[in-house]
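Engineer:
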Amino acid sequence: MEGMQAAQTVVFLHGLGESADAWDAQRAALPSGFDSLAVDVFGSDNGSGGAAEFSLDAAADAVLRQIERHGADRVHLCGLSLGR
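Residue numbers (full-length UniProt numbering): 1 to 84.
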């Protein structure tokens, strides 16, 4: 669409012991022009095998798959480690 700019996508990655819903408040506070995606790193939908079979490579692949499904070409990445 000429003259229209696509929304910028922010991808949120939760910390250890949390889930994607840890980012609900931040996602709700994003200004217009931003879209968001919160990836459940240990979720059953991401193909990483769950916490018992976790590997960094599998988690990275799962995040990339979620971004591709979301349809984003470029993203802003926001994450943290070991919870809040």
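Backbone N, C-alpha and C fix where the C-beta goes; we use that ideal spot for every residue, glycine too.
List the residues that DSSP assigns as beta-bridge partners of residue 38.
Structural biologist: DSSP lists 12 as partners of residue 38.
Engineer: Starting from residue 77 and walking both ways along the alpha helix (DSSP H), at which residues does that stretch end?
Structural biologist: Element bounds for residue 77: not the alpha helix (DSSP H) but the beta strand (DSSP E), 75–79.
Engineer: Within 10 Å of its beta-carbon, does residue 36 have 16 or more other beta-carbons around it, so buried, or fewer, so exposed?
Structural biologist: buried
Engineer: With distances taken between CB atoms, is the gap from residue 41 to residue 70 smaller than 9 angstroms?
Structural biologist: Result no, Cβ atoms of residue 41 and residue 70 do not sit closer than 9 angstroms.
Engineer: Can you tell me which of the three DSSP states residue 68 falls into?
Structural biologist: In the structure shown, the three-state DSSP call for residue 68 is helix.
Engineer: Using a threshold of 9 angstroms, state whether the C-beta atoms of residue 17 and residue 64 are closer than that.
Structural biologist: no
Engineer: Just to confirm, are residue 33 and residue 7 a CB contact at a threshold of 9 angstroms?
Structural biologist: yes
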